[in-house]
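Per my numbering, residue 3 is the first one in the sequence shown, and the count goes up by one each step.
Below is one structure, written out as structure tokens; comments come after it.
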Amino acid sequence: MNFKSMSIDKLMKLKDQLESALSSKVAETRRMLESNLAKLTRFGPGSKRGRGGTTRGKVAPKYRNSDNPSETWAGRGLKPRWLAAALKAGKKLESFSIAAVGKKAPKKRRKAKTKVARKAPTKKTRKPRSAVQPRPAPASSPAAAAQA
């Protein structure tokens, strides 16, 4: 197409056609992407599939800053800066522990699975084979014609 030779009216019509075609393509692509995103969000963090749908809740803090008691850490994730600096300075992690040294929470024990008694396998005996006689060939076969 030679745009220089086209009139302004034809160029404006062509521009409008291009804009409408582009907007319809963009809308179609957006709908497709949104539907794909909706499918993917079904498997997201709140779903029952994937990681089992478990979300971690808040945990009681295990460590407290001795300089600023409002700063605590539950032991999950990265170590806070105050704790990392204190450990680098040579302090022990146990010195920041909130729980008393002698008191430990009892570990939860899982129930042992009970084994189901199985029957002992029985020995299978075969029936004795009787003498197998070859079947007679049908009359239409070439082997039957050669015997006749």
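Glycine residues also receive a C-beta, built at the ideal position from the N, C-alpha and C atoms.
Cα-Cα separation, residue i to residue j
i	j	result
D18	S37	29 Å
V61	N70	20 Å
K27	K41	21 Å
M32	D11	Note that residue 32 is Arg in the sequence shown, not Met. Answer to the nearest angstrom: the Cα atoms are 31 Å apart.
F5	L20	14 Å
M8	R44	52 Å
A122	K113	27 Å
S22	L16	10 Å
V118	T127	27 Å
E73	N67	6 Å
E96	T116	40 Å
DSSP state of residue i mapped onto helix, strand, coil
i	result
R58	coil
T116	coil
S22	helix
S99	strand
R128	coil
Cross-strand partners of residue i (DSSP beta bridge)
i	result
W75	Y65
Contact set for residue i: own chain, Cβ-Cβ below 7 Å, skip 5 residues either direction
i	result
S99	K64, Y65
Residues near residue i by beta carbon distance below 8 Å, same chain, minus five either side
i	result
R58	R78
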